[in-house]
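Novice: Numbering (the numbering used here), first residue to last: -9 to 294. Note that the Cβ used here is the ideal one computed from N, Cα and C, for glycine as well.
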Amino acid sequence: MSGQQAPGNHRTHRGRLAAAFGITVAVLVTTVVGAALTGSLALLVDAGHMVTDAGGLLMALLAATLMLRPATARRTWGWRRAEVLAAGAQATVLLGVGIYAFVEGVQRLLVPPEVHASGLLAFGIVGLVGNLAALVVLSAGRGANLNLRAAFLEVLNDALGSVAVIVSAGVIAATGWTRADAVAGMLIALLIAPRAVIILRQAGNVLLEATPEGLDLADVRRHILSLPHVRDVHDLHASQIATGLPVLSAHVVLDDSCFHDGHAPRVLDHLQACVADHFDVSVEHSTFQLEPSAHADHEQPGHD
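1. Quick check on residue 256: buried or exposed, where buried means 16 or more other Cβ atoms within 10 Å of its Cβ?
2. Just mark residue 215 as buried or exposed, buried being the case when its beta carbon has 16 or more other beta carbons within 10 Å.
3. Taking DSSP as the reference, what is the three-state secondary structure of residue 225?
4. Label residue 71 either buried or exposed according to how many other C-beta atoms from any shown protein chain fall within 10 Å of its C-beta, with 16 as the threshold for buried.
5. For the beta strand (DSSP E) that residue 276 lies in, which residues bound it at each end?
6. Return the CA-CA distance between residue 8 and residue 46, expressed in angstroms with no decimal places.
7. Using CA coordinates, which residue listed in 249, 263, 203 and 177 is at the minimum distance from residue 213?
8. Helix, strand or coil for residue 239, going by three-state DSSP, please let me know.
9. By the 10 Å Cβ neighbour count, where 16 or more other Cβ atoms means buried, how is residue 64 classified, buried or exposed?
10. Please give me, in chain order, every unbroken run of the alpha helix (DSSP H) with length at least 4 that falls completely inside the region 48 to 96.
11. Would you kindly check if the distance between the Cβ of residue 13 and the Cβ of residue 154 is under 8 Å?
12. Consult DSSP for residue 3 and reduce its assignment to one of helix, strand or coil.
13. Over the uninterrupted alpha helix (DSSP H) stretch that includes residue 264, give me the two end residues.
14. If you drop the 5 nearest sequence neighbours on each side, which residues of the same chain put their C-beta closer than 6 Å to that of residue 193?
15. For residue 166, count neighbouring Cβ atoms within 10 angstroms of its own Cβ and tell me buried if that reaches 16, exposed if not.
16. For residue 11, I'd like the list of residues in its chain whose CB is within less than 7 Å of its CB, leaving aside the five on either flank, ordered along the chain.
17. Just list the residues that DSSP pairs residue 220 with in beta bridges.
18. Could you give the distance in angstroms between the alpha-carbon of residue 279 and the alpha-carbon of residue 177?
19. Do you know how far the Cα of residue 224 is from the Cα of residue 276?
20. Just verifying my parser: in three-state terms, what is the DSSP assignment at residue 232?
21. Do you know offhand how far residue 231's Cα is from residue 237's?
22. Under the three-state reduction of DSSP, which class applies to residue 29: helix, strand or coil?
23. Cβ of residue 109 within 8 Å of Cβ of residue 24?
24. Output the residue ranges of the alpha helix (DSSP H) runs that lie fully inside the region 149 to 209 and measure 4 residues or longer, sorted by chain position.
25. With a CB to CB cut of under 6 Å and the five nearest residues on each side skipped, what residues in its chain are close to residue -4?
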């Protein structure tokens, strides 16, 4: 395993992440200045959101770099799971920003501060242009892994936040209703929270070694049992190391004759081909322990 190669740059998309990070930092600085000049909650929340985005993109970039490191005897899967840790950290901070934005929005609905609509509109447009540029950079790679998906969703939320800022500026300019800024800030919070929860759940499932989505272990068990010479299946486990890297292991009881007539290796070939090709989720990293029926007497307690 130590000779296994790390994924190439085309899979980690470091260049895309670096470009999106640079764009986001530039927009962040502009938005912070805008929030200070206009007194806008929507811009302030958008700036806070972009702080987490910039940090999230930086974590994503670092994770993508770590993922390129080859596997070693100490880390047999290399740093592939760094993408899951980075995505979980991004989502956690993002959820915190969303909660803060909603609470602050409620307070500003009760006591609305003065907001300068013209400056709010200008900075909202600048933010939207920058966010759209970052989205274009990330869009082609967003399905590559959980790390990229979290980064794309963060920038998408920023773009939607910029739209909310622009709309609130138009409402304030047309009607003078300054509470529109607080409503926009709360709307941004409502856009942030569900996506953050989704990423947190996905990252949590990987870290808790839940069965990969789309893989039905009951179906896997039935299919293995249907193979010739297979008498039983136990200790069947499946999990996911990182995006696109599911793993499966099982103890498979064979007819005793398979261990005398040399048929066991052919059964192993069938088992590996089965989990790699038969199901919607292709499991190329599978480990099977082939056992005669009498081996059950030697199993440690706790085996299912």
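Specialist: Well, looking at it:
1. Per the 10 Å Cβ criterion, exposed.
2. Residue 215 comes out exposed.
3. Residue state, collapsed to three classes: strand.
4. Residue environment: residue 71 is assigned as buried (16 or more neighbouring CB atoms within 10 Å of its CB, all protein chains considered).
5. Note, residue 276: beta strand (DSSP E), 275 to 281.
6. Rounded to whole angstroms, residue 8 to residue 46 spans 12 Å at the Cα level.
7. Checking every option, the nearest Cα to that of residue 213 belongs to 263.
8. In the structure shown, residue 239 adopts extended strand secondary structure according to DSSP, grouped into three states.
9. Exposed: under 16 other Cβ atoms inside 10 Å.
10. Within the region 48 to 96, no complete alpha helix (DSSP H) segment of 4 residues or longer occurs.
11. Between residue 154 and residue 13, the C-beta gap is not smaller than 8 Å, which leaves the two residues out of contact.
12. In the structure shown, residue 3 sits in coil (DSSP, three-state: anything other than H, G, I, E or B).
13. Looking at the DSSP string, the run of the alpha helix (DSSP H) that includes residue 264 is 254 to 267.
14. Only 74, 77 and 78 meet the Cβ criterion.
15. Exposed is the call here.
16. Within the same chain, residue 11 has close Cβ partners 44, 47, 48 and 51.
17. Looking at the DSSP assignment, residue 220 forms a beta bridge with 244.
18. Their backbone Cα atoms lie some 53 Å apart in a straight line.
19. Residue 276 and residue 224 have their C-alpha atoms some 14 Å from each other.
20. The answer is strand: DSSP assigns residue 232 an E or B state.
21. Counting only the Cα atoms, residue 237 lies some 7 Å from residue 231.
22. Residue 29 falls in the coil class under three-state DSSP.
23. Residue 109 places its beta carbon less than 8 Å from that of residue 24.
24. Fully enclosed alpha helix (DSSP H) runs of 4 or longer: 169 to 197.
25. Legend: pLDDT at residue -4 = 41, less than 50; position of this residue unreliable, value from coordinates given subsequently. Excluding positions up to five away in sequence, the list reads 58, 59, 60 and 68.
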